[in-house]
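This report refers to the structure that appears directly beneath it.
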Amino acid sequence: MNIHQPRADVTARTLAIVEELKGLEGPLLPILHGIQHEFGYVPQDCLPVIARELNLSRAEVYGVFSFYHDFREHPAGRHVLKLCRAEACQSMGGDQLAERAKRLLGIDFHETTPDGAVTLEPVYCLGLCSCAPSAMFDGEVHARVDAGDLEALVAEARR
Amino acid sequence: MTTKIYIPRDAAALALGADKVAKAMEEAIAARGLDVTIVRNGSRGLHWLEPLVEVETSEGRVAYGPVKARDVASLFDAGLVAGGDHALCLGKTEDIPFLKQQTRLTFARCGVIDPLSLDDYRSHGGLRGLQNAIAMDPMAIVAQVTESGLRGRGGAGFPTGIKWKTVLEAAGTRKYIVCNADEGDSGTFADRMIMEGDPFVLIEGMAISGIATGATKGFIYTRSEYPHAIATMAEAINIARAAGVLGQSVLGSGRAFDMEVRTGAGAYVCGEETALLNSLEGKRGIVRAKPPLPAHKGLFDCPTVINNVISLASVPIIMDKGADFYRDFGMGRSRGTIPIQIAGNVKHSGLFETAFGLALGEIIDHIGGGTASGRPVKAVQVGGPLGAYFPRALFDTPFDYEAFAARDGLIGHAGIVVFDDTADMLKQARFAMEFCAIESCGKCTPCRIGSTRGVEVADKIAAGIEPEKNRELLSDLCNTMKFGSLCALGGFTPYPVVSAMTHFPDDFKPAPLVEAAE
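So the sequence lines, in the order shown, correspond to chains A and B.
Each step along the first sequence adds one to the number in this note's numbering, with nothing skipped, and position 79 is 79.
Each step along the second sequence adds one to the number in this note's numbering, with nothing skipped, and position 44 is 203.
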């Protein structure tokens, strides 16, 4: 994921995604999702290409990109661990779990471990409030996460 | 005869290992040469028992749970295929008290059928509402929904029929149905469950809404945090389209309706309807001032019905069984049933659909069985991060829009989060402000600035800095946010804060700081 993409390649791949999705009503969010899916983040070189193709200003596209928590400006680690920080998970020890995760990984939320293995992110509700606390690891959901589960996830990510 | 074993594919079950159980079951079935097929159903909503495995027997479905992959061998040894006894056996599913006490109208099929089998859906009463609707005049459909007393289940409680009538009467060649599936409130998962467990009911509800109002296009706007719901919904839409439920001629009626799923990008405020519309249009999810109402000028400035998932999913049964049938459930102006989501620190967690009117304490103590930790209940937050914290003293409040409002609370999307006596209500109040600061769209000042100031003031109270003055300041700030904000995010954040201060004043009087020696 960490490989630098040459600019021409970014442009071509961006154009392909825009071409596929620009017929949708309100295509900008689907396009940004498509870009993030393709590159793992939203390379800033994409934005002027999208703006030109959708006949928007670069500021408008940047404004949309930067509004939403999901879209990353930089690549994430090889694995992404999202911990739910919302009330239901708090009621079941979510805060302590988060502190433990930070200690285990040696990073804070929104950071990536120096070896590039794991990015730790907060998430506000995975809809698993009836089996809290919950987490999402590389898109897979985990519920009733305890200290042991967390250690297993971190160990898996470090491998 | 082939025996059916049901293993849920609901995200809650998956998060607790349902896929591993399914894999172990498949292997055991093959190794033992059994005549068994596995059906991946939705969840019954008994989440403390997930993964809940069911076996179809001549006497009905028998449940086992919570099942782990390592239990599979012993389950088959105990005669699982015939509903045999085992330490994990819960008896007949329908007889489990948590399920037996419910009135399942909207969730009647959830957990029962294969969510992606249109045949299953039809054989369990599906599409009858839409069949009835296509034979009716749009005005008559709207009247039936109005008479049912159905109110918006997203939280605002606005009468659904009146909203539809406004769109029906609005001039416009292009109209939209938008389903608000941006279920971001902590403690809620009803939308997710229905999308994963019975997606066709939402499709049917939206198609009825389209036919009733003259809209031909629908969008389901859901959350990126719900990948399973997105995948199931998208697949169900394709199946419905191939079967002629959606498309140029809905069920051969000659009336067109089609729809697609759209995914948000992690912005809580997009659950607010006008921010959602902006997001769908590809803009920043910023709240719009009302008027104009979305019913007049909504998506791309066209007349738009915007309803919550549960509102739309409740329509098919109203069109099938009639307005009276639905209206006969409930109390006061809250008619029909409400899927209550019992979450957080609670023993029997899950989804409990029942007629309006049940007392809060009944839900927490008897249905929920008290806390999971076994400690006393300190507070419950009803209605998500913008809902009030209620102490035990208010547990006699009936579950009803007006009754909650009368006690400065709200039922919102009907999620309840239970906290035991270890909860620090000042910390919870601070979190409410912090969450608002993180998620504010930034359009109006009380929400954008007020929430950040709120965090600071709460920190000062916690640090013992002029606590009395700062408590007063926090109350004043809440007042400004409540009456000065453009939408419910800034406007309702004061609910958890003020309720925490009112009902748990001791938590706002931290031990005085020891004066440092000069």
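Every residue, glycine too, gets a C-beta built ideally from N, C-alpha and C.
All figures in this text were calculated on a predicted structure; none of them were measured in a lab.
### Message
Using only the alpha-carbon positions, how far apart do residue 90(A) and residue 84(A) sit?
### Response
9 angstroms
task: At 8 angstroms on the CB atoms, spell out the chain A contacts of residue 386(B), in chain order.
output: 139
Of all the options 28(A), 122(A) and 113(A), which has the alpha carbon lying nearest to the alpha carbon of residue 61(A)? When the alpha-carbon of residue 61(A) is set against those of 28(A), 122(A) and 113(A), the nearest one is in 28(A).
Q. Under 7 angstroms Cβ-Cβ, which residues of chain A neighbour residue 439(B)?
A. 26
| field | residue 521(B), enclosing beta strand (DSSP E) - first and last residue | value | Where residue 521(B) is concerned, there is no enclosing beta strand (DSSP E), given that its DSSP letter is neither H nor E.
Under 8 angstroms between C-beta atoms, does residue 393(B) make it to chain A? no
task: Could you work out which residues of chain A lie near residue 422(B), taking near to mean beta carbons separated by less than 7 angstroms?
output: 33
query = Are any of the Cβ atoms in chain B nearer than 8 angstroms to that of residue 74(A)?
reply = no
Along the chain, where does the beta strand (DSSP E) containing residue 579(B) start, and where does it finish?
574-579
Original post:
What residue range is occupied by the uninterrupted beta strand (DSSP E) comprising residue 248(B)?
Top reply: 248-251
Item to complete: Please list the partners that residue 625(B) has in chain A, where partner means a Cβ-to-Cβ separation under 8 angstroms.
Response: Under the 8 angstroms cutoff, chain A gives no residues; its nearest Cβ is about 27 angstroms from residue 625(B).
- Query: Should residue 509(B) be listed as close to the ligand MN, given that the test is whether its C-beta is under 7 angstroms from any heavy atom?
  - Reply: In the structure on display, the ligand MN does not appear, and there are no ligands present to speak of.
* **Cβ-Cβ distance between residue 128(A) and residue 174(B) below 8 angstroms** => yes
### Identity of the residue in 56(A), 74(A) and 113(A) nearest residue 442(B) by Cα
56(A)
message: Spatial neighbours of residue 208(B) within its chain, please: C-beta separation below 6 angstroms, excluding the five flanking residues on both sides.
response: Annotation for residue 208(B): 224 and 225 place their beta carbon closer than 6 angstroms to its own, counting only its chain and skipping 5 residues before and after.
Task: Residue-level contact to chain B via CB, residue 42(A), 8 angstroms cutoff - done: no
Could you tell me whether the Cβ of residue 108(A) comes closer than 8 angstroms to any Cβ of chain B?
Not an interface residue.
Exercise for the section: Ignore the nearest five residues each way along the sequence and tell me which others in residue 462(B)'s own chain have a CB closer than 7 angstroms to its CB. Expected result: 326, 329, 331, 334, 454 and 455
So is residue 501(B) in contact with chain A if we call contact Cβ pairs under 8 angstroms?
yes
Does the region 587-597 of chain B come within contact of the region 610-623 of chain B, defined as at least 3 CB pairs closer than 8 angstroms? yes
*Helix, strand or coil: how does DSSP classify residue 307(B) here?*
The three-state reading of DSSP puts residue 307(B) in helix, counting H, G and I together.
Opening and closing residue of the alpha helix (DSSP H) in which residue 433(B) lies: Run containing residue 433(B): 432-439, per the alpha helix (DSSP H) assignment.
* Could you tell me which residues DSSP puts in a beta bridge with residue 378(B)? => Residue 378(B) is bridged to 337(B) and 419(B).
| For residue 213(B), which residues does DSSP report across the bridge? | According to DSSP, which records beta bridges pairwise, residue 213(B) is partnered with 165(B) and 222(B).
Flag residue 416(B) as yes if its beta-carbon sits less than 8 angstroms from any beta-carbon of chain A, otherwise no.
no
Start-to-end residues for the alpha helix (DSSP H) that takes in residue 64(A): 58-67 is the extent of the alpha helix (DSSP H) around residue 64(A).
query = Under the three-state reduction of DSSP, which class applies to residue 676(B): helix, strand or coil?
reply = Below a pLDDT of 50, predicted positions are generally treated as unreliable, and residue 676(B), at 48, falls in that range; the measurement from the model is reported next regardless. Here residue 676(B) sits in coil by DSSP.
Here's a check: name, in chain order, each residue in its chain whose Cβ is nearer than 7 angstroms to the Cβ of residue 290(B), leaving out the five neighbours to either side. 410
- Message: Output needed in chain order: residues of the region 85-110 of chain A with a Cβ under 8 angstroms from some Cβ in chain B.
- Response: Within the region 85-110 of chain A, the residues whose Cβ lies closer than 8 angstroms to some Cβ of chain B are 86, 87, 88, 89, 90, 91 and 92, listed in chain order.
ask   = If you scan the region 224-283 of chain B from start to end, which runs of the beta strand (DSSP E) of 3 or more residues do you find wholly inside it?
value = The region 224-283 of chain B contains these whole beta strand (DSSP E) runs: 248-251.
Worksheet item: Is there contact here, the region 345-358 of chain B with the region 487-506 of chain B, by at least three beta-carbon pairs under 8 angstroms?
Response: At 8 angstroms Cβ cutoff, the stretches touch.
Problem - Under 7 angstroms (Cβ pairs) to chain B, residues found in the region 47-69 of chain A - result: 63, 64, 67, 68 and 69
task: Anything in chain A within Cβ reach of residue 544(B), meaning under 9 angstroms, just list it in chain order.
output: 86, 87, 124 and 125
- Is it buried or exposed for residue 296(B), if we count other Cβ within 10 angstroms and need 16 for buried? exposed
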